[in-house]
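Residue numbers (the UniProt record's numbering): 1 to 229.
Just so it is clear, CB atoms sit at the ideal spot from N, CA and C, and this is done for glycine as well.
The following block contains the structure:
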């Protein structure tokens with residue numbers, strides 16, 4: 001688990017109550033219990049403060065994906081847990097941030113950028129696993145990445161409304177259910193190839209070496225017909 005949210009809840013609450021555009025950096029710094037210079041050194045801007053934890057989470061997701069040695073489906077579930085756990089460990093901050101994003105269009109646009117970065121992290125992982133070698137596989141991997149983010153975000157929004165309605169185990173269940181629909185793509189290196197039918201063993205015994213080829217073929221044919229009855 002990485003450190004809890006880098007976004008001060010008191011500062012988020014102030015942005016909601018006073019308005020994003022009308023709240024000054026000095027007020028945010030005071031709410032966060034830091035100086036103005038420390039605020040700029042730590043965050044750079046009001047908008048960066050709102051999304052300060054995103055960089056940590058994305059970095060942790062990328063590390064989780066890069067370090068994994070288990071199958072793709074299990075790895076993607078672990079990565080989804082990284083994001084979900086980071087938000088749910090700080091309920092107050094998660095709810096305040098959700099309220100703020102819902103009321104400020106410019107922040108919602110920034111949130112979309114973060115969403116695409118998560119999708120890209122998942123897609124890059126699938127590429128490294130050599131699961132996106134063809135044009136069709138690339139399209140499927142893009143769809144898998146977007147779907148994974150959508151399922152996570154749906155569970156997170158559900159949790160924000162009612163924490164008892166979902167948890168990390170339910171998230172894992174739905175993510176696995178979704179990913180297993182792409183088992184042919186995500187299942188392993190040999191996925192997608194059809195196993196060849198076993199070659200039957202044929203033993204031909206020629207009792208009379210003087211028999212001609214036609215007689216032998218007729219005898220084999222008769223024996224096969226008799227065996228199939």
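Mind checking if residue i is an interface residue toward chain B, Cβ cutoff 8 Å exclusive?
i	result
residue 102	Checking the listed chains, one finds no chain B in this structure; it contains a single protein chain.
Taking the Cβ atom as the reference point for each residue, do residue i and residue j lie within a distance shorter than 8 Å?
i	j	result
residue 293	residue 155	The structure shown has nothing for residue 293, since the chain only spans 1 to 229.
residue 64	residue 53	no
residue 100	residue 15	yes
residue 107	residue 50	yes
residue 20	residue 46	yes
residue 160	residue 98	yes
residue 149	residue 123	no
residue 257	residue 142	Outside the shown range of the chain (1 to 229) lies residue 257, about which nothing can therefore be said.
residue 39	residue 32	yes
residue 126	residue 104	no
residue 146	residue 62	no
Grab the span of the alpha helix (DSSP H) containing residue i for me, first residue to last.
i	result
residue 237	Residue 237 lies beyond the residue range present for the chain, which begins at 1 and ends at 229; the question has no answer from this structure.
residue 89	Per DSSP, residue 89 belongs to no alpha helix (DSSP H) and is neither H nor E.
residue 169	168–179
residue 183	183–186
Would you say residue i touches the ligand GDP, meaning its beta carbon is less than 7 Å from a heavy atom?
i	result
residue 47	With respect to small molecules bound, the structure shown includes none, and the ligand GDP cannot be examined in it.
Just checking my contact of residue i with residue j at CB under 8 Å: how many whole Å lie between their CB atoms?
i	j	result
residue 96	residue 163	Not quite, the Cβ-Cβ distance comes to about 15 Å (not below 8 Å), so this is no contact.
residue 230	residue 168	Any question about residue 230 goes unanswered here, given that the chain covers just 1 to 229.
residue 230	residue 93	There is simply no residue 230 to check, as the chain begins at 1 and stops at 229 in what is shown.
residue 57	residue 86	5 Å
Exercise for the section: Please go through the segment 94–162 and give each complete alpha helix (DSSP H) segment of 4 or more residues, from N-terminal end onward. Expected result: Counting only runs of at least 4 residues, the segment 94–162 fully encloses the following alpha helix (DSSP H) elements, listed from N- to C-terminal order: 105–128, 135–161.
Handout entry: Runs of alpha helix (DSSP H) lying entirely within the segment 18–86, each at least 4 residues, in chain order
Key = The DSSP assignment places 25–32, 36–42, 46–50, 52–67 as complete runs of the alpha helix (DSSP H) inside the segment 18–86, in order along the chain (cut-off: 4 residues).
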